[in-house]
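A.B. asks: First the structure, then my questions, so here it is.
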Amino acid sequence: MEIVKTKGSVSNYSNGLPSKEKKENKFLKKFKRGKYLFLLVIPTVICMLLFYYLPMWGILIAFKQYSPFKGLAGSPWVGLKHFRTFFENPFFFRYFRNTILLSFYSLIWGFPAPIIFALILNDVQNIRFKKLVQTVSYMPHFYSTVVVVGLFTMFLSPTSGPVNKLIQFFGHKPISFLADAKYFRTIYVASEIWQNLGWGAIIYLAALTNIDPQLYEAAIIDGASKFKRLIYVTLPCLAPTIITMLLLRLGHIMNVGFERAYLLQKPSTYETSDIIQTYIYRTGIESNNFSFASAVGLFNSVINVIFLVGCNKLSQYLTETSLW
Amino acid sequence: MRKYRFSILKIISTIVLLFVLFVTLYPFVYMVAVSFSENIYVLRNEITFYPKGFNLKTYKKVFEDKRLLPAYKNTIIYVILGTAIALFVTTTGAYALSKKERCPFSGLINKMLIVIMFFNGGMIPTYLAINWLGMYDTIWAVVLPGALNAWNLIIMRSFFINYPTEIEESGQIDGLNDLGILWYLVLPTSTAVTATIGLFYAVGLWNAFFGPFIYLRDNSKYPLQIILRQIVLKGEAIDSEMILSSGKEIIAEDSIKYATIIVSIIPIILAYPYLQKYFVKGVMIGSIKG
């Protein structure tokens, strides 16, 4: 700070100098004016560099044979070896398919659910009932993933879970949902919707209250039915919000809720539950295969970024809504 | 005709909402009922809505578990320390970046923020970075990496951008610099947004599982969520000592699991009235100016 100060004061005398130096003076002046703001932003910059940009730089190990003893700089380069190993893995297709499918199902069920919930809730005339449902529906959002997965595991338990009690009551055999690969995706998506239905609806409810009531009045005068009002008034007014939320969601298409999947999966359900991220965890953290796991992670991120940029472009082209 | 159709729609929507209400509340009711019930009814699967043979034996057993109370204490420390650090980083950064024309490098820093909203190093490089920084198996690995959340910072920044300039100008006239204006004028008048963001961080830290799970090795540093997973999901409900001491009386494993879950979410339930008020506000602020 001191150095900057003296430089800044010197610059006050240098008015007739060439333009390049003038620019520099301008910069120093600006810096001096905002030096306290700069002081305030330093913690943010440090956090960003240490916990976001240092790891990004660390992605380089995907192209190296990293060993903790040699360090990042000392480890030899191996090019695309790890990527090749991953593509040649007999299970590669399984990881890829499971990730995409889990994400896809969670999108087509989990994305519209809060919208529909908000539309129904918005239509309720009884304010107290509306408030009650709304308040209660937020609650699971604040439970941890461990609690939610724990609840689902216990409720679906074949021996003591209430769900299986109900199934047995109707004279069927109890089903061990969590040990059976064919139920994994359903349970995953259901637990996600259960946790985020109410919370996800907040933003749409806010958008719904912002719709001009005159639009509805005009539509009623024109004789539009409730359904037609929904199609021609409500949905077009919600569209920008929906598209933005959809884009944000698509930007994380490969980042399936890792914690949820990891906690829900069992070796007996790997056929459907083993996604790229859980594979990264097992090879990287459990088996210390850092370079290979980083390569898999980079592959995952690249697909993500391609999806995000592509969808954003498409949305700009079609609807003029963009994330940045 | 019109009236008839309308009421059918109303019936369907009421049923849907009642279903949501039931599905959200029932698990909680059931957990409470089982955890307070006499063992024999739990084993016979007779509990549905209310406890049978009310007693506190299960909770006594839960608190006898040597892992639970230390983990509870750890979590409280992580939440308090982590929230304080995160609020410090986020408010200072958001305030500085809200003064776009005056803050040096604000353009570059803003771009860097947008990048981290959508892209990160991934699990393994982040894990190695924590190791390189010497934070592995320390409290800092739990408390620091989450201290900056780009989304929260942007919510706060948009709040500060809309902050009335008159107040800041009056501070300038009185000879305060930016630090003084933030500390004496802006922060005391923006407790609502600070509380909201603070709660975002606090709940995140309370519920954090995966970070502590991979960054901590020493059992004595484990937070509540890891112990919860051991008890509820891995079925390590009864540590060996308990088997020895409870020769006569067996407590159903389910009761212990449910009671542990309840103990772990009690603070959240107690804070819930505040949480939902502030959190909803937070989502709104964020949605006005993304």
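Protein chains in written order, with this note's numbering: chain G, 1 to 324; chain D, 325 to 614. Even for Gly, the Cβ is constructed at its ideal location relative to N, Cα and C.
(1) For the segment 421-433 of chain D, which residues have a beta carbon sitting closer than 8 Å to at least one beta carbon of chain G?
(2) Could you check whether the Cβ of R553/D sits closer than 7 Å to any Cβ belonging to chain G?
(3) Would you mind working out which of L80/G, K32/G, F63/G sits nearest A325/G, comparing C-alpha positions?
(4) Can you tell me the Cα-Cα spacing of N369/D and S160/G, whole angstroms?
(5) Under three-state DSSP, which class holds K376/D?
(6) Give the interface partners of K173/G over in chain D, defined as CB-CB distance under 9 Å, in chain order.
(7) Quick check on the burial criterion: 16 or more other C-beta atoms within 10 angstroms. Buried or exposed for E192/G?
(8) At a CB-CB cut-off below 8 Å, which residues of chain G make contact with S337/D?
(9) Should K131/G go down as buried or exposed, given a rule of 16 or more other Cβ atoms within 10 Å for buried?
(10) Just mark L568/D as buried or exposed, buried being the case when its beta carbon has 16 or more other beta carbons within 10 Å.
(11) By a C-beta neighbour count over all protein chains shown, 10 Å radius and 16 as the cutoff for buried, is A420/D buried or exposed?
(12) For Y546/D and I463/D, I'd like the C-alpha separation in whole angstroms.
(13) Among all the DSSP beta bridges, which residues are the ones paired with K182/G?
(14) Given that a residue counts as buried once 16 or more other Cβ atoms are within 10 Å of its Cβ, and exposed if not, what is L342/D?
(15) Please classify K384/D as buried or exposed, where buried requires at least 16 other C-beta atoms within 10 Å of its C-beta.
(16) Buried or exposed: which applies to Q277/G, given that a residue is buried once 16 or more other Cβ atoms fall within 10 Å of its Cβ?
(17) Can you name the start and end residues of the alpha helix (DSSP H) that N210/G belongs to?
(18) Assuming V556/D contacts G150/G (C-beta within less than 8 Å), just tell me the rounded distance between them.
(19) For the alpha helix (DSSP H) containing C47/G, name the first residue and the last one.
(20) Tell me where the alpha helix (DSSP H) around G58/G begins and ends.
(21) Quick check on F152/G: buried or exposed, where buried means 16 or more other Cβ atoms within 10 Å of its Cβ?
(22) Alpha carbon to alpha carbon, what distance is there between V163/G and P174/G?
(23) Just checking my contact of T584/D with V439/D at CB under 8 Å: how many whole Å lie between their CB atoms?
(24) According to DSSP, what are the bridge partners of W530/D?
(25) Could you compute how far the alpha carbon of V136/G sits from the alpha carbon of V510/D?
(26) Using the rule of at least 16 other Cβ atoms within 10 Å of the residue's Cβ for burial, across every protein chain shown, is S75/G buried or exposed?
(27) Step through the CB atoms of chain D and report whether any lies within less than 7 Å of the CB of V309/G.
(28) Could you say which of I285/G, L230/G, F69/G lies nearest to R541/D if we only look at CA atoms?
(29) Could you spell out where the alpha helix (DSSP H) holding P162/G opens and where it closes?
(30) Is there a Cβ of chain G sitting closer than 7 Å to that of E565/D, yes or no?
(31) Give the residues from the segment 127-161 of chain G that approach chain D closer than 7 Å (Cβ to any Cβ), ordered along the chain.
(32) Using 7 Å as the limit for Cβ to Cβ distance, is A293/G near chain D?
(33) Please list, in chain order, the chain G residues whose beta carbon lies closer than 8 Å to that of V347/D.
(34) Cβ closer than 7 Å: which chain D residues qualify as neighbours of R33/G?
(35) Find out if the Cβ-Cβ distance for the pair Y138/G, Q600/D is shorter than 7 Å.
(36) Spell out whether any CB of chain G is found under 7 Å from the CB atom of L568/D.
C.D. replies: According to the structure shown:
(1) Taking 8 Å as the Cβ-Cβ cut-off against chain G, the residues of the segment 421-433 of chain D that qualify are L421, K423, R426, C427, P428, F429, S430, I433.
(2) yes
(3) No answer is possible for residue 325/G: it lies beyond the span of chain G, which begins at 1 and ends at 324.
(4) 7 Å
(5) coil
(6) The contacting residues do not exist; K173/G stays about 16 Å from chain D at best.
(7) E192/G should be labelled buried.
(8) Annotation: Cβ neighbours of S337/D in chain G (cutoff 8 Å, chain order): I120, D123, V124.
(9) exposed
(10) Unreliable placement is indicated for L568/D, whose pLDDT of 47 sits below 50; the coordinate value is still reported in the next sentence. Residue environment for L568/D: exposed (fewer than 16 other C-beta atoms within 10 angstroms of its C-beta).
(11) buried
(12) 10 Å
(13) Beta-bridge analysis with DSSP links K182/G to no other residue.
(14) exposed
(15) exposed
(16) buried
(17) It is not in any alpha helix (DSSP H) - N210/G carries neither H nor E in the DSSP assignment.
(18) 4 Å
(19) 35-48
(20) 54-58
(21) buried
(22) For P174/G and V163/G, the distance between alpha carbons rounds to 9 Å.
(23) Not confirmed; about 40 Å, so no contact.
(24) Answer by DSSP bridge pairing: none, since W530/D is not bridged.
(25) 34 Å
(26) buried
(27) It does not; no Cβ of chain D falls within 7 Å.
(28) I285/G
(29) 162-169
(30) Note that E565/D scores a pLDDT of 47, beneath 50, so its modelled location is shaky; the value from the coordinates is reported in the next line. So no, E565/D is outside the interface.
(31) Answer set for the segment 127-161 of chain G: V133, T135, V136, S137, Y138, M139, P140, F142, Y143, S144, T145, V146, V147, V149, G150, L151, T153, M154, F155, S160.
(32) yes
(33) W194
(34) R426
(35) yes
(36) At L568/D, the pLDDT of 47 sits below 50, so the modelled position is not reliable and the matter cannot be decided from this model.
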